[in-house]
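Using the working numbering, you'd call the opening residue of the first sequence number 1 and step up by one each time.
One structure is given below, encoded as structure tokens.
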Amino acid sequence: MDFLSTLNPPQREAVVETEGPLLILAGAGSGKTRVITYRIVYLIAERNVAPHNILAVTFTNKAAQEMRERVEKLSSGFGQRSAPLISTFHSLCVRILRQDIQALQEGYTRSFTIYDQDDSVRLIKACIKDLGYDDKQLGQRAVQSAISAAKNRGDDAESYAAHVEYGDEKRSAIARVFRLYEERLRNNNALDFDDLIIKTVQLLRRVPEVRERYNDKFKYILVDEYQDTNSLQFALIRFLTEKQQNICVVGDEDQSVYKWRGADITNILNFEQHYPNAKAIRLEQNYRSTQNILDAAGSVVKNNTERKGKTLWTANPAGESIRYYQAFDGDAEARFVAAKIEEHRRVNPNLRAAILYRTNAQSRVFEEALRRSRIDYNIVGGFSFYERAEVRDIVSYLKLAMNPHDSIALMRIINSPARGLGKQTLDEIERRAKDYAVSHWETIALLTDGSTPGLSPRATTALKNFQKIITDLVTATTSAASSDSPVSDVVKAAILDTGYANALKAENTDEAEARVENLQELVNAAVDYDAQDGGEGLRDFIDHAALVSDSDQYKQDAPVTLMTVHSAKGLEFPLVFIVGLEDGLFPHSRSATDPAELEEERRLAYVAITRAERFLYVSHAMKRRVYGEEMASEPSQFLNEMPLELMEDLSRGASWLSFARKSSTLENKHAIRALKGLGENARPEKIYTGKTYDSADSIAEFFRKRGQQMNPSAAQPDPPVIRRAAASSSPSGSSRPASRSSNSSGASSSATGDFTPGSHVRHPKYGRGLVLRREGTGDSAKLTVSFPGFGQKKLIEKYAGLEKA
DNA sequence: GAACTTGCTGAATTG
DNA sequence: CAGCAAGTTC
Numbered sequence: 001m002d003f004l005s006t007l008n009p010p011q012r013e014a015v016v017e018t019e020g021p022l023l024i025l026a027g028a029g030s031g032k033t034r035v036i037t038y039r040i041v042y043l044i045a046e047r048n049v050a051p052h053n054i055l056a057v058t059f060t061n062k063a064a065q066e067m068r069e070r071v072e073k074l075s076s077g078f079g080q081r082s083a084p085l086i087s088t089f090h091s092l093c094v095r096i097l098r099q100d101i102q103a104l105q106e107g108y109t110r111s112f113t114i115y116d117q118d119d120s121v122r123l124i125k126a127c128i129k130d131l132g133y134d135d136k137q138l139g140q141r142a143v144q145s146a147i148s149a150a151k152n153r154g155d156d157a158e159s160y161a162a163h164v165e166y167g168d169e170k171r172s173a174i175a176r177v178f179r180l181y182e183e184r185l186r187n188n189n190a191l192d193f194d195d196l197i198i199k200t201v202q203l204l205r206r207v208p209e210v211r212e213r214y215n216d217k218f219k220y221i222l223v224d225e226y227q228d229t230n231s232l233q234f235a236l237i238r239f240l241t242e243k244q245q246n247i248c249v250v251g252d253e254d255q256s257v258y259k260w261r262g263a264d265i266t267n268i269l270n271f272e273q274h275y276p277n278a279k280a281i282r283l284e285q286n287y288r289s290t291q292n293i294l295d296a297a298g299s300v301v302k303n304n305t306e307r308k309g310k311t312l313w314t315a316n317p318a319g320e321s322i323r324y325y326q327a328f329d330g331d332a333e334a335r336f337v338a339a340k341i342e343e344h345r346r347v348n349p350n351l352r353a354a355i356l357y358r359t360n361a362q363s364r365v366f367e368e369a370l371r372r373s374r375i376d377y378n379i380v381g382g383f384s385f386y387e388r389a390e391v392r393d394i395v396s397y398l399k400l401a402m403n404p405h406d407s408i409a410l411m412r413i414i415n416s417p418a419r420g421l422g423k424q425t426l427d428e429i430e431r432r433a434k435d436y437a438v439s440h441w442e443t444i445a446l447l448t449d450g451s452t453p454g455l456s457p458r459a460t461t462a463l464k465n466f467q468k469i470i471t472d473l474v475t476a477t478t479s480a481a482s483s484d485s486p487v488s489d490v491v492k493a494a495i496l497d498t499g500y501a502n503a504l505k506a507e508n509t510d511e512a513e514a515r516v517e518n519l520q521e522l523v524n525a526a527v528d529y530d531a532q533d534g535g536e537g538l539r540d541f542i543d544h545a546a547l548v549s550d551s552d553q554y555k556q557d558a559p560v561t562l563m564t565v566h567s568a569k570g571l572e573f574p575l576v577f578i579v580g581l582e583d584g585l586f587p588h589s590r591s592a593t594d595p596a597e598l599e600e601e602r603r604l605a606y607v608a609i610t611r612a613e614r615f616l617y618v619s620h621a622m623k624r625r626v627y628g629e630e631m632a633s634e635p636s637q638f639l640n641e642m643p644l645e646l647m648e649d650l651s652r653g654a655s656w657l658s659f660a661r662k663s664s665t666l667e668n669k670h671a672i673r674a675l676k677g678l679g680e681n682a683r684p685e686k687i688y689t690g691k692t693y694d695s696a697d698s699i700a701e702f703f704r705k706r707g708q709q710m711n712p713s714a715a716q717p718d719p720p721v722i723r724r725a726a727a728s729s730s731p732s733g734s735s736r737p738a739s740r741s742s743n744s745s746g747a748s749s750s751a752t753g754d755f756t757p758g759s760h761v762r763h764p765k766y767g768r769g770l771v772l773r774r775e776g777t778g779d780s781a782k783l784t785v786s787f788p789g790f791g792q793k794k795l796i797e798k799y800a801g802l803e804k805a
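Spelled out as structure tokens, the structure:
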């Protein structure tokens, strides 16, 4: 088969080893997607496997979409009648459940509703309220993520409750919310995202007949980004491969960046134990990036200890140096990026560019700068189309039309547009629904048929009105389903016949007009859906709306794409800007306390760098608005981990980079002196800073300082060049009793008063740092200090042993 | 019941 | 600086 000749030997092996378990360790840019797609086509064309016996699973729609397109392109000409199933974990599960969920016998029907995170939070909020908990103490979001984390660990409400330690009020409250939440989901015939996987696993575990059927169906299974699978996804794959063992997984441990979502890296590390006859193939040749870019990526990620180690190499030329820019503030950084894009465009108008940031909130300044420069851009993430309020409203109408017991959907739209059903009435409905233990829809029926008094005549009329709107929509939906009429007609009905469009038009504002346009866009989506063959009706359309996510708006040919590093995984661009490389931002401050999380941040930096094919820019700003407040920021330690000699400094004036370079030669000198045994006397002036050591405290301080002097990294002067992030060390000072008392000695306490934000301090262990924030006063004063190379630390002023610098 | 005002708290990454 | 929740006014 001639297309194999375009592959290198390990790639070819990965394609033709079709039988039995196979692990493909594929480094960044090593042609992973290519191998998967070729493998699928090879199975069909050379091994005569029926396409419908092949399943390929990905995490994102984007990846699935790309794979589908590439398979189609490669196999155009073979004229297959069926296509392989290339799907995300979630849509695979929806597919299975829509078919077989009744076999679980938990009361769920095939017309179950899918709750996305927003719906799920709403339901949790209601549960918190109904259990009488203070929603300030029990943040809805926090509870939602605790429950989701538990579910992904494989815990249900019962086992979560069983693990709560005695006296842990918060957890036991969460446990009760969890239980109620599950109960409500069931009453609403609804599944949240996690349930989609959980229920499928339960189904396969408990019902041998179903398990067997899917085992027979999916004879060859491929899993992409295997390092990101969690225990549930692992279980799912295990069950699906029980009978046959033709499982091929592809992944890269250096690109594991979803631990926070429960991804379990041991799935890939122990694959060979899970599937004893497994073969492993490593793809180590990178085709994407220049040598310099690859060197930068490698030199950052090698600072991680939790890794097997892999040598990625390339035959590509060294290429351009990495360009570095230190900006005055966030705006200046954005202007710099826009200017550079223009500059590149003048030489090469078609150079695709990506701007990668750590958090979505950073996108705004870049959008503004690009708009000012009249550069077209495409944004991935943030609020997606299907997350817009008006779109969600209409989707809720449609969900309700298919499942009137979906109380979340009902409560969402019962009074939008406003139809005279205010808080009073809604509270009444909620109360009764709870009392009677029936759905809100049934409660409404009880309230309007006259059998249940309690509502004002006005409210009853309004409620009847609403009831009619929904029953009409239900009729329209069912008749459309039976007559096979287009989905777009029903969508139009949901927009027009509910009075939604009219209410918007009556507003007569620009904003309302934009909303109308968005709804028009939804109708267009439905028309598109109708046009493609294989559409399965409204239900399928709505499932799509629920499972589609922001990263799916990625347009491959957009000239400039803005997105988070997470959403950039799997993509490549000739020109890449990694922005906001600052301590506390990237690496993110929430990762500061846990070394494992810092390693994940570092892998994320690795992912970001390896997106670049030819040009890579890295930048940071010296100050930035956070919470609407200007905050000083220090360069990211990851910058320090890049090979400084490969970097070209484009900053105006003296930058951190020029500093870092000087001090690294300085450091080398120190190192040489230390080797010659002169280290101890290297900087005597630092020991005798004009103080007389005349008290016990002062003498203790002398020994403390001398102790640091022995430790070269602690003795580093300004912009220290740190070899390795010392994330494991805890903020010191408190561990050193002597320092505590020394601080109360007259000499240093005079300086204690003015550690104000913006001033510099010197810490016995971390060296020079910048005070970012000061909270509290007196003995309890806490400082947030950023130490270049060590990250941000929270210190108790009294114990930290700080000096003014 | 709806529209408006104030005041508070809180953002990491995703299907 | 948001976005949201509770309070206030019409």
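We put the beta carbon where it would ideally sit given N, CA and C, even for glycine.
Bridge-paired residues (DSSP) for residue i
{"i": "cysteine 248", "result": "Leu22, Leu222"}
{"i": "tyrosine 115", "result": "Asp192"}
{"i": "glutamate 648", "result": "Arg323"}
{"i": "glutamate 806", "result": "In the structure as shown, the chain starts at 1 and stops at 805, and residue 806 therefore has no counterpart that could be examined."}
{"i": "proline 51", "result": "Its beta-bridge partners do not exist; DSSP assigns none."}
{"i": "valine 57", "result": "Ser87, Val223"}
{"i": "isoleucine 379", "result": "Leu562"}
{"i": "tryptophan 313", "result": "Gln285"}
{"i": "arginine 624", "result": "Met631"}
Residues of its chain near residue i, where Cβ-Cβ distance is below 6 angstroms and the 5 sequence neighbours each way are ignored
{"i": "valine 516", "result": "Leu504"}
{"i": "lysine 217", "result": "none"}
{"i": "leucine 180", "result": "Cys127"}
Local conformation of residue i per DSSP, three classes
{"i": "alanine 318", "result": "coil"}
{"i": "lysine 468", "result": "helix"}
{"i": "glutamine 105", "result": "coil"}
{"i": "histidine 405", "result": "coil"}
{"i": "glutamate 660", "result": "In the sequence under discussion, the amino acid at residue 660 is alanine, which differs from the glutamate named in the question. It is helical."}
{"i": "glycine 27", "result": "coil"}
{"i": "glycine 769", "result": "strand"}
{"i": "phenylalanine 615", "result": "strand"}
{"i": "lysine 808", "result": "No answer is possible for residue 808: it lies beyond the span of the chain, which begins at 1 and ends at 805."}
{"i": "glutamate 803", "result": "strand"}
{"i": "valine 761", "result": "strand"}
{"i": "phenylalanine 638", "result": "helix"}
{"i": "arginine 171", "result": "helix"}
{"i": "aspartate 155", "result": "coil"}
{"i": "phenylalanine 328", "result": "strand"}
{"i": "tyrosine 357", "result": "strand"}
{"i": "glutamate 629", "result": "strand"}
{"i": "glutamine 137", "result": "coil"}
{"i": "proline 486", "result": "coil"}
Close beta carbons around residue i, own chain, < 8 angstroms, minus the five adjacent residues each side
{"i": "tyrosine 42", "result": "Met1, Leu4, Val15, Val16, Thr18"}
{"i": "glutamine 424", "result": "Ala459"}
{"i": "leucine 138", "result": "Ile128, Lys170, Ala173, Ile174, Val177"}
{"i": "alanine 333", "result": "Looking at the sequence provided, one finds glutamate at residue 333 rather than alanine. Excluding residues within five positions, the ones whose Cβ falls inside 8 angstroms are Tyr325, Ala327, Val365, Val579, Gly580, Ser619, His620, Ala621."}
{"i": "arginine 724", "result": "Legend: pLDDT at arginine 724 = 32, less than 50; position of this residue unreliable, no value from coordinates given."}
{"i": "asparagine 277", "result": "Gly20, Pro21, Gln245"}
Cut-off 7 angstroms between Cβ atoms - residues of its own chain near residue i, not counting five sequence neighbours on either side
{"i": "aspartate 828", "result": "Since the first residue shown for the chain is 1 and the last is 805, residue 828 is missing from the structure and cannot be characterised."}
{"i": "valine 548", "result": "Asn61, Tyr386"}
{"i": "asparagine 8", "result": "Gln285"}
With a floor of 4 residues, list each alpha helix (DSSP H) that falls wholly inside the segment 519-603, ordered by position along the chain. 538-547, 565-568
Extract the residue ranges of the beta strand (DSSP E) inside the segment 238-288, only unbroken runs of 3 or more that lie entirely within it. Inside the segment 238-288, DSSP marks whole beta strand (DSSP E) runs of 3 or more residues at positions 247-251, 279-283, from first to last along the chain.
Touching by the beta-carbon criterion (3+ pairs, under 8 angstroms), the segment 589-607 and the segment 247-266: yes
Inter-stretch contact (C-beta, 8 angstroms, three-pair minimum) for the segment 345-359 and the segment 555-563: yes
Using 8 angstroms as the cut-off, can you tell me whether the segment 141-161 makes contact with the segment 182-196, which would need three or more C-beta pairs spanning the two stretches below that distance? yes
Is the segment 160-168 close to the segment 42-60, with three or more CB pairs under 8 angstroms? no
With three or more C-beta pairs closer than 8 angstroms as the rule, is the segment 334-346 touching the segment 291-311? no
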